[in-house]
Amino acid sequence: MTGVTYQRVLLDTGPLVAILNRDDSQHQRCVQTLKAIRPPLLTSWPVITEAAWLLRNHHNLLAGLYSLAARSVLEILTISQAELADIQNLMNRYKSLSPQLADLSLVHLAQREGLETVFTLDRRDFSVYRRKGRTGFRLLPDDS
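In my numbering, the protein residues as written are 2 to 145.
Here it is as structure tokens:
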């Protein structure tokens with residue numbers, strides 16, 4: 002990833018939690034990846050909610066989560082009520098994966114915003130998800 006700068010990157014729950022939690026086994030890898038991304042990282046309320054739930058017993062880490070959003074390191078993209086039908090369609094398309102709302106919100110936002118890069122530790126699912134049903138995602142951190 003040396004010398005490459007990414008922008009307009011969608012952020013999933015796993016890296017968000019890992020960046021905040023120094024004890025997470027993926028912390029260093031995610032912090033290094035973060036250095037190659039120009040802020041803000043784009044995410045959704047379902048991702049923030051999932052991260053907050055995972056960090057619920059760690060007040061200082063929760064404070065860090067809220068601070069990232071307040072400092073504009075994160076941009077939380079909204080999803081309207083009218084767009085929930087699109088997410089339901091994605092849920093039906095990928096039902097064999099038992100997809101999480103946080104994941105599907107990112108797939109939906111990628112389609113809506115024309116985004117192709119996702120910062121995720123969930124390679125199993127995000128290697129299957131497709132934008133507009135055809136095009137895969139560039140996943141960070143890369144495996145090289």
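All residues carry an ideal CB built from backbone N, CA and C; glycine is no exception.
Because the structure is a prediction, the values reported are computed rather than measured.
* Could you spell out the range, first to last residue, of the beta strand (DSSP E) harbouring residue 77? => 75–78
* Asked: First and last residue of the beta strand (DSSP E) that includes residue 139?
  -> 139–141
* Can you list, in chain order, the stretches of the alpha helix (DSSP H) that have 4 or more residues and sit fully within the region 14–96? -> 14–21, 28–35, 46–55, 60–71 and 85–94
* First and last residue of the beta strand (DSSP E) that includes residue 12? -> 10–12
* Tell me whether the beta-carbon of residue 126 lies closer than 8 Å to the beta-carbon of residue 100. => yes
* Counting only the same chain and skipping the five closest in sequence on each side, list residues whose C-beta sits under 7 Å from that of residue 98. => 126 and 129
* Asked: When the Cα atoms are used, what is the spatial distance from residue 41 to residue 93?
  -> 31 Å
* To do: Label residue 109 either buried or exposed according to how many other C-beta atoms from any shown protein chain fall within 10 Å of its C-beta, with 16 as the threshold for buried.
  => buried
* Determine the contact status of residue 114 and residue 139, defining contact as a CB-CB distance below 8 Å. => no
* Please go through the region 91–128 and give each complete beta strand (DSSP E) segment of 3 or more residues, from N-terminal end onward. => 118–120
* Asked: To which residues does DSSP link residue 130 through a beta bridge?
  -> Its beta-bridge partners do not exist; DSSP assigns none.
* Asked: Three or more C-beta pairs closer than 8 Å, one from the region 28–38 and one from the region 62–70: is that the case here?
  -> no
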